[in-house]
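Okay, so here's the structure we're looking at.
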Amino acid sequence: MSTLAASVPATRRAGVGASLRKNRRWALISSYFFLVLFAIFFLMPPYYMVVTALKGDAEMAQLSTNPWIIADGVTLDQFKILLTQTDFLIFFKNTVIVTVCVVAITMVVSILAAFSLGRMKFWGSSILATGIFLTYLVPDTLLFIPLFQIVKAIGLLNSYWGMVLIYPTLTVPFCTWIMIGYFQSIPKELDEAALIDGAGHMQMLTKIFIPVALPGIIAAMIFAFTVSWAAFVYPMAFLYSADQQVLTVGTVTSLIRGDVYKWGMLMAGALLAAAPPLVTYAFLMDYYIAGLTAGATKG
Amino acid sequence: MADTVQTWGSRVPYASRPAAKPNGLQLFMRRRSTIAFLMCLPLILIIGCLVIYPAFYSIYLSMLNKAQTRFIGLSNFEFLISRDTFWMVVQQSAIFALSAVFFKALIGLITAHLVNNLPAKGQRKWRGMLLVPWVIPLALSTLGWWWLFDPTNSAFNYTLQSFGFDRIAWLGNPYWARFSVILVNVWFGAPFFLIMYLAALKSVPEQLYEAASIDGASAWQKFVHITLPMMRNIISITVLFSLIVTFANFDIVQIMTAGGPRNMTHVFATYSFLLGIRSGDLPLGAATSLFMFPILAVAAVLILRGVRKRGREIG
Amino acid sequence: MAEVQLRNVGKRYDDVVAVSDVNLDIPNHEFVVLVGPSGCGKSTTLRMIAGLEEISDGEISIGGEVVNDLPPKDRDIAMVFQNYALYPHMTVAENMSFGLKLRKFPKEEIKARVDNAARILDITELLARRPKQLSGGQRQRVAMGRAIVRNPKVFLFDEPLSNLDAKLRVQMRTEIKRVHQKVKTTTVYVTHDQVEAMTLADRVVVMNGGRIEQIGTPNDLYHHPKTRFVAGFIGSPAMNFVPGKLETNGSGLKIRLSDKLAFTVPESRTSRYQGHVGKEVLFGLRPEHITETRGSENGVGQEFPVLLDVVEPMGMETMVFFKVDGTEICGRVEPTAAKASGETMQLRANLDQMHLIDPATNVVL
Chain Z
1 MSTLAASVPA TRRAGVGASL RKNRRWALIS SYFFLVLFAI FFLMPPYYMV
51 VTALKGDAEM AQLSTNPWII ADGVTLDQFK ILLTQTDFLI FFKNTVIVTV
101 CVVAITMVVS ILAAFSLGRM KFWGSSILAT GIFLTYLVPD TLLFIPLFQI
151 VKAIGLLNSY WGMVLIYPTL TVPFCTWIMI GYFQSIPKEL DEAALIDGAG
201 HMQMLTKIFI PVALPGIIAA MIFAFTVSWA AFVYPMAFLY SADQQVLTVG
251 TVTSLIRGDV YKWGMLMAGA LLAAAPPLVT YAFLMDYYIA GLTAGATKG
Chain C
1001 MADTVQTWGS RVPYASRPAA KPNGLQLFMR RRSTIAFLMC LPLILIIGCL
1051 VIYPAFYSIY LSMLNKAQTR FIGLSNFEFL ISRDTFWMVV QQSAIFALSA
1101 VFFKALIGLI TAHLVNNLPA KGQRKWRGML LVPWVIPLAL STLGWWWLFD
1151 PTNSAFNYTL QSFGFDRIAW LGNPYWARFS VILVNVWFGA PFFLIMYLAA
1201 LKSVPEQLYE AASIDGASAW QKFVHITLPM MRNIISITVL FSLIVTFANF
1251 DIVQIMTAGG PRNMTHVFAT YSFLLGIRSG DLPLGAATSL FMFPILAVAA
1301 VLILRGVRKR GREIG
Chain V
2001 MAEVQLRNVG KRYDDVVAVS DVNLDIPNHE FVVLVGPSGC GKSTTLRMIA
2051 GLEEISDGEI SIGGEVVNDL PPKDRDIAMV FQNYALYPHM TVAENMSFGL
2101 KLRKFPKEEI KARVDNAARI LDITELLARR PKQLSGGQRQ RVAMGRAIVR
2151 NPKVFLFDEP LSNLDAKLRV QMRTEIKRVH QKVKTTTVYV THDQVEAMTL
2201 ADRVVVMNGG RIEQIGTPND LYHHPKTRFV AGFIGSPAMN FVPGKLETNG
2251 SGLKIRLSDK LAFTVPESRT SRYQGHVGKE VLFGLRPEHI TETRGSENGV
2301 GQEFPVLLDV VEPMGMETMV FFKVDGTEIC GRVEPTAAKA SGETMQLRAN
2351 LDQMHLIDPA TNVVL
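Chains as they are written, first to last, in my numbering: chain Z, 1 to 299; chain C, 1001 to 1315; chain V, 2001 to 2365.
See the structure below:
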């Protein structure tokens, strides 16, 4: 312990805390450095997909040019061919129909169930809630074999309406789980005030809870949308003809003409197919993430 | 007047007729627990018919012969156990799941810390960028990776060769193929872990770290003694959850390798697809996918316990 | 134990100046309280002493050593947080020994210190419990225990009692004072509650808007506030302020508060106020110095009639509120002497305790 107290010279730089701040700077710089490396890792494939989609076939055939950049000029030919000479638009239409229907069904079923499980205690409600969570853990790759049989028996094999029937198994459990969390976080006093005001249960649901839980509803809708749009196992197993096929399977398997993989067109297709979720994400990122974290952290 | 009702011989306007006492059915319908149950009914129906029933049905299915005309007991299972390919599938599924989840969790934890170190404004931007792999439908981004691994045109090989290295048969060589599948899985799944861990990191009160600073903890000690214990539950929940999902993954292997070369990248999902749907032997396919069940059940129970504990322990 | 010195300490966040020009000398063993309203910079100053905030200007020394560049763990300080900041996954004993373990103290020493601190704070039965199982007051004591075992040069308290209910707060206040008498470590304590400040401190530092308004013993601050802010901040209920005008009154001075009410300035003060005759001033007098008329003399006083507005019986005393020219004034009277609302009552102002403030500079004359 030095006794320099009273005689500490004024030459000391006023409160710079030099070494502390320098440490912090170093930590920040190295954080950015590694983050850039990770960002490159994560964003490199989409980047490459974009680059490929904008290239002409000729350039791709030339193995000597750097594939990471567009050397011979940007071209939209791949997109043109994709949209005019393949079944891509049919796939797109089918996917849209399926997704819209599935999201609607999911939201109705989930909101009803979540409201009941989250706020109206009845015998077996907690068992049911746990059961729903467990159902979410049953993977589609375990169920698709028996479902094949069942869907065939109903006559919906090779029809996208079969997808509309089955997809909710992928979306409803988790969406219900998210919604339960949101509904539970609404204070009880709101129920009671509404009851005094004379509302019935349905009215409470539509006029009070849904507006108040809107962020959760949006998050659940985005989740349902994303899962439906990206579903691959079921359409792969149950859909055969091009006119019934959806985007994920269609782009990957049906765009191959003859034995030739037209990669430029394939990448264009992949990009367009990935566009709706990406655009949704860009605009509604917070809801997207809220949906994810709500499930796990709300336990 | 047309809207009066003859009641007990006197004319009483309809509107003021005393309300009829509700009969038993109406009371039942109005009871709270009944309404609550009815609201759950669509959910119960969906899950019951399309998840639970098929799950049990698959057990029955797995015990039929290929043409589904006779009951053959456990023959399908015996058949599978006797085949080398099947054991390869078991081994591969396990290795993929364990190594992919390990790296996903590790990368998720590291990136979560890195992002958390940034000033608040930048965090959102970086988080947005790093989540992109998870947003693109897996099938489509796998297609992109497939193109990156293409034997003739692989952009990776181009880069390797320009640095003087040899080209790699990313999907042609069995061991590289396994690596590629795991790589794509990690690429796709790490952002999920990033988001989860970032949220968990933020839920640790800043004052705990300050108290630890004063107690004399270095950055590493703070991580070990505060961050990890506080995050223990969320780490185990996400890891178990991801184990289930990764174990049952279909898209990546199916699109990039279809199980090859020489069945050395097959996982349960793709193998049962091959046997059940491609080859038309549904019962055998069912038997294959049923092998997944015990492992998934154990993981699920552990998750549930973890989720329950989380609420109670730290509060 | 060590002394703490702050020289020209300041803190800036981008453009916002949170703390400026703080000069403070805290001798060894002293219990100093930084008090002031929210946002006055007291917590920031404390955190700069702790090393949790970087110092923008000036320097801080602990035990004669300048600590600007030292991280918290090297400053040999201990801190008690408002939210206790106990490690939730560790037992009480582990919480208390964490700092010592990190510093590689031998096991027996750690145990001895933990047991000793637990005894001082009366938490020996709680050593095996987790924070979640403890009440607010118990958690607070564990937080203090964590600080005591370190045997640091300085204790820092950051509004430790704010999260407790009123009754518990009074109890814990006494605890803290008792511990300080036993352990005698130099203490810097931050609070927004001036009652806490007055009861705990050897010296009080009143802060406002990032600056120090006044430093002094509780008595000093109560009887001799230097600024309007300190006068109004210290004392509960707060001092009454009435705008008035200083007039001459023969050979003496008078302070006119309204057409009907003027107080004669005590002789001892006339010379001090001479320079402000004819000017607008702010008259300050604490409620406890406006009382019912008393038989015996009690300092220089003046009686005056008031029309009672609101009467609040408090049990031990009754607060009476009345208006002078629109300004509401509070006085404290014996419950038996108090009249009812709407009635006229004769009160006595103890003018020995009055203060005059220059409204332009807010300085007490």
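For each residue, glycine too, the CB sits at the ideal point set by N, CA and C.
> Residues in the segment 1188-1211 of chain C with C-beta within 8 Å of chain V's C-beta atoms, listed in sequence order?
Replying inline: P1205, Q1207, L1208, E1210, A1211
> Which first and last residues belong to the beta strand (DSSP E) in which F2384 (chain V) is found?
Replying inline: Nothing can be reported for residue 2384 (chain V): it is not among the residues displayed for chain V, which extend from 2001 to 2365.
>> Assuming the contact rule is C-beta atoms closer than 8 Å, F41 (chain Z) and L247 (chain Z) should be a hit. Round their C-beta distance to whole Å, please.
In response: Incorrect: roughly 26 Å between the Cβ atoms, too far for contact.
>> Please list, in chain order, the residues of the segment 2053-2066 of chain V that have any C-beta partner in chain C closer than 8 Å.
In response: none
> In chain Z, what lies closer than 7 Å to P1054 (chain C) by C-beta?
Replying inline: L143, P146, L147, I150
> Closest to P2225 (chain V) by CA distance: which of V:M2354, V:L2102, V:V2154, V:F2304 is it?
Replying inline: V:M2354
>> If I follow the unbroken alpha helix (DSSP H) through T2174 (chain V), where does it start and stop?
In response: 2166-2183
> Are the segment 2322-2335 of chain V and the segment 2301-2309 of chain V touching, with three or more C-beta to C-beta distances below 8 Å?
Replying inline: yes
> How many angstroms separate the CA atom of S2097 (chain V) from the CA atom of F2155 (chain V)?
Replying inline: 17 Å
> If the cut is a Cβ gap below 7 Å, which residues of chain V does A1120 (chain C) touch?
Replying inline: Near A1120 (chain C) there are no residues of chain V at all, since even the closest Cβ is about 14 Å away, more than 7 Å.
>> Using a 10 Å radius around the Cβ and a threshold of 16 neighbouring Cβ atoms, would you call I154 (chain Z) buried or exposed?
In response: exposed
>> Between the alpha carbons of Y281 (chain Z) and A1199 (chain C), how many angstroms are there, rounded?
In response: 18 Å
> Exposed or buried, N2068 (chain V), counting other C-beta atoms within 10 Å across all chains shown (16 or more means buried)?
Replying inline: buried
> Within the 8 Å Cβ cut-off, does S1213 (chain C) reach chain V?
Replying inline: yes
>> Judging by CA-CA distance, which residue of V:L2070, V:F2233, V:T2270, V:H2180 is the nearest neighbour of G2145 (chain V)?
In response: V:H2180
> Mind checking if F225 (chain Z) is an interface residue toward chain C, Cβ cutoff 8 Å exclusive?
Replying inline: no
>> Assuming V2205 (chain V) and V2032 (chain V) are in contact, meaning their beta carbons sit under 8 Å apart, how far apart are those beta carbons, in whole angstroms?
In response: 6 Å
>> Let me see if you follow: with CB-CB separation under 8 Å, is W365 (chain Z) close to chain C or not?
In response: In this structure chain Z extends from 1 to 299, so residue 365 (chain Z) is not present and cannot be described.
>> For M2001 (chain V), which residues in the same chain have their Cβ closer than 8 Å to its Cβ, ignoring the five residues on either side in sequence?
In response: N2028, H2029, K2153, K2184, T2185, T2186
> Is S1213 (chain C) near L2052 (chain V), with beta carbons less than 8 Å apart?
Replying inline: yes
>> Using the Cβ count rule (16 or more neighbours within 10 Å means buried), how would you classify G1048 (chain C)?
In response: exposed
> Rounded C-beta distance between W1126 (chain C) and P45 (chain Z)? I'm assuming under 8 Å.
Replying inline: Actually they are not in contact, since the Cβ atoms of W1126 (chain C) and P45 (chain Z) sit about 18 Å apart, beyond 8 Å.
> Short check: CB of F1250 (chain C) to CB of F133 (chain Z), under 8 Å?
Replying inline: no
>> For V2142 (chain V), tell me which candidate among V:P2335, V:D2202, V:L2121 has the shortest Cα-Cα distance.
In response: V:L2121
> When the Cα of T2336 (chain V) is compared with those of V:G2036, V:T2199, V:T2191, V:T2291, which residue comes out closest?
Replying inline: V:T2291
> Taking a cut of 8 Å between CB atoms, which residues from the segment 1055-1083 of chain C lie near chain Z?
Replying inline: A1055, Y1057, S1058, L1061
> What is the DSSP secondary structure of T86 (chain Z), reduced to helix, strand or coil?
Replying inline: coil
> If you draw a straight line from the C-alpha of L1201 (chain C) to the C-alpha of Y182 (chain Z), how long is it?
Replying inline: 22 Å
> In the DSSP assignment, what residue or residues form a beta bridge with D2358 (chain V)?
Replying inline: V:V2363
> Looking only at its own chain, which residues have a Cβ that is under 6 Å from the Cβ of V1089 (chain C), when we skip the five neighbours before and after it?
Replying inline: H1266, Y1271
> What three-state label does DSSP hand K207 (chain Z) in the structure shown?
Replying inline: helix
> With DSSP run on the structure shown, which of helix, strand or coil describes T1257 (chain C)?
Replying inline: coil
>> At the 8 Å Cβ level, is H2089 (chain V) part of the contact set with chain C, yes or no?
In response: yes
> Beta carbon of A268 (chain Z), beta carbon of A53 (chain Z): below 8 Å?
Replying inline: yes
> Comparing the C-beta of F88 (chain Z) with each C-beta of chain C, is any distance below 8 Å?
Replying inline: no
> Taking 8 Å as the CB-CB cut-off, is F79 (chain Z) touching chain C?
Replying inline: no
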